[in-house]
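S.K.: Below are the structure tokens for one structure; questions will follow.
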Amino acid sequence: MAENVMAAYWDLPAISRNLITALVLTSITCKLNIVSVYSVLYHPTYLWMFPPQIWRLVTCFFVELNPINLLMNSFFLYRYCTQLEMGNARFPRKVDLVFYILFVCSVILMIDYVTGLNSMLYLNGIILAMAYTVTQDQRGQKTQFLVLTIPAQTLPLCMIVVTALMAGPSAALVEIEGLFAAHLYDFLARIWPEFGNGPQLLRVPAWLERLVQTPRVLNRGFGTAIRPGNSASTGNSSGVDKGGPLPDSWRTRGRGQRLG
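Okay, here's the thing in structure tokens:
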């Protein structure tokens, strides 16, 4: 039984699996007072201490102390992150999704600092950002939210309204920060280059590409995809590439025989 559970765990998409693990472990350790929640929440003043407590830039996105909310947010985080990781053409490589997450989280923290909200915990923001990005490719479709069937593009707004009613306006403001961050990414990465004839302003840095390697064989929900290698094509033994539309294997065949 335990082996089956672990096998199912390791079969989950890598990024989604790591995010859910971070959320559950951080939340449980804080709930059991193994780690104080005050040591994982974020405020800019902690970055100016010596030594700077830079881990707060990460942990503030993975804390939920309410058990019911932890269960629901874990489900939503896994659901939307998996849709981005496995079936979204905007993120063909894992490094593209990692860069998206880093960008959105950074913008959320900057908005929170500029507006002076000091929300300290931002899990709702990253979940709503992912939901917004997912639904941008589902316009005209229907989706499920709780027990309702709604137009896909209205999902982020419904989430904000429900959060405002159940958790208060402060939690809803964090989701609005996530909405703005995700829209900014969409504008800079897709809308401005494609429809505004502008330059591509968001590019994955080289150091992040070296850090995050995308496997050549990708197991997707609808099948297995094989990514071609990055090695450059080689010419013939004379060092000259004949070019042309035909594959190299066709150009290296013999003379053949004429039929008839």
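In this text, residue positions in the sequence shown follow full-length UniProt numbering: the first is 1, and each later residue adds one. Idealized CB from N, CA, C, for every residue including glycine.
#1: Out of Pro13, Leu128 and Ala181, which has the shortest C-alpha to C-alpha gap to Glu85?
#2: Does the Cβ-Cβ distance between Tyr185 and Ile127 come in under 8 Å?
#3: Give a yes or no on contact between the stretch 158-176 and the stretch 114-131, applying the rule of three or more CB pairs nearer than 8 Å.
#4: Hey, how far is the Cα of Arg17 from the Cα of Asn197?
#5: Given this structure, state the Cα-to-Cα distance separating Tyr46 from Asn4, to the nearest angstrom.
#6: Check whether the stretch 32-41 and the stretch 98-113 touch, using three or more Cβ-Cβ pairs below 8 Å as the test.
#7: Could you check which residue in Pro151, Phe180 and Leu65 has the C-alpha nearest to that of Val107?
#8: What is the DSSP secondary structure of Ile150, reduced to helix, strand or coil?
#9: In chain order, what are the residue ranges of uninterrupted beta strand (DSSP E) at least 3 long that sit wholly in the stretch 131-177?
#10: Excluding the five sequence neighbours on either side, which residues of its own chain have a C-beta within less than 7 Å of the C-beta of Glu175, listed in chain order?
#11: Applying the criterion that 16 or more other CB atoms from any shown protein chain within 10 Å of the CB defines a buried residue, is Asp11 buried or exposed?
#12: Which of the three DSSP states, helix, strand or coil, is assigned to Gln83?
#13: Do the CB positions of Asp112 and Glu177 come within less than 8 Å of each other?
#14: Classify Gln213 as buried or exposed, calling it buried when 16 or more other Cβ atoms lie within 10 Å of its own Cβ.
#15: Excluding the 5 residues flanking Gln83 on each side, which residues of the same chain have their C-beta closer than 6 Å to its C-beta?
#16: Based on Cα-Cα distance, which residue from Trp48, Met6 and Leu97 lies nearest to Val204?
#17: To the nearest angstrom, report how far apart Ala89 and Glu194 are at their CA atoms.
#18: Looking at the structure shown, is Ile34 part of a helix, part of a strand, or coil, going by DSSP?
#19: Whose C-alpha, out of Gln153, Val24 and Pro151, is nearest the C-alpha of Ile68?
#20: From what residue to what residue does the alpha helix (DSSP H) around Thr59 run?
#21: How about Phe62 and Thr26: do their beta carbons lie closer than 8 Å?
M.R.: By the coordinates alone:
#1: Along the sequence shown, read from residue 1 onward, the residue named residue 85 stands at position 85. For the residues Pro13, Leu128 and Ala181, the minimum Cα distance to Glu85 belongs to Pro13.
#2: Residue 185 sits at position 185 when you count from the first residue of the sequence shown. Residue 127 sits at position 127 when you count from the first residue of the sequence shown. No, Cβ-Cβ distance for Tyr185 and Ile127 is not below 8 Å.
#3: yes
#4: Reading the sequence shown from its first residue, position 17 is the one you call residue 17. Reading the sequence shown from its first residue, position 197 is the one you call residue 197. In a straight line, the C-alpha of Arg17 is about 37 Å away from that of Asn197.
#5: Translated into the one-based positions of the sequence shown, residue 46 becomes position 46. Translated into the one-based positions of the sequence shown, residue 4 becomes position 4. Computed Cα separation, rounded: 42 Å.
#6: no
#7: Here the question's residue 107 lines up with position 107 in the sequence shown. Minimum Cα distance to Val107 is reached at Phe180.
#8: As a position in the sequence shown, residue 150 is number 150, starting the count at 1. In the three-state DSSP reduction, Ile150 falls in the strand class (E or B).
#9: 142-145 and 148-151
#10: Within the sequence shown, the letter at position 175 stands for residue 175. Within the same chain, Glu175 has close Cβ partners Asn124, Gly125, Leu128, Met159, Ile160 and Thr163.
#11: What you label residue 11 is simply residue 11 of the sequence shown in a count that begins at 1. Per the 10 Å Cβ criterion, exposed.
#12: On the sequence shown, residue 83 is found 83 positions in, with the first residue counted as 1. If DSSP states are grouped into helix, strand and coil, Gln83 belongs with the helices.
#13: Sequence index remark: in the sequence shown, residue 112 carries index 112 (1-based). Sequence index remark: in the sequence shown, residue 177 carries index 177 (1-based). Yes; because the gap between Cβ atoms is below 8 Å, this pair is in contact.
#14: In the sequence shown, counting from the first residue as 1, residue 213 sits at position 213. Its Cβ having fewer than 16 others within 10 Å, Gln213 is exposed.
#15: Numbered from 1 along the sequence shown, position 83 holds the residue referred to as residue 83. Excluding sequence neighbours, Gln83 sits near Val134.
#16: Counted from its first residue, the sequence shown places residue 204 at position 204. Looking at the Cα atoms, Leu97 is the closest of the given residues.
#17: Position 89 of the sequence shown holds residue 89. Position 194 of the sequence shown holds residue 194. Going by the C-alpha atoms only, they are around 15 Å apart.
#18: Counting from one through the sequence shown, the residue named residue 34 turns up at place 34. Ile34: coil per DSSP, three-state reduction.
#19: On the sequence shown, position 68 is the one that residue 68 refers to. For the residues Gln153, Val24 and Pro151, the minimum Cα distance to Ile68 belongs to Val24.
#20: The count along the sequence shown starts at 1 and reaches residue 59 at position 59. Residues Arg56 to Thr59.
#21: Translated into positions along the sequence shown, residue 62 becomes position 62. Translated into positions along the sequence shown, residue 26 becomes position 26. With contacts defined by Cβ atoms closer than 8 Å, Phe62 and Thr26 form a contacting pair.
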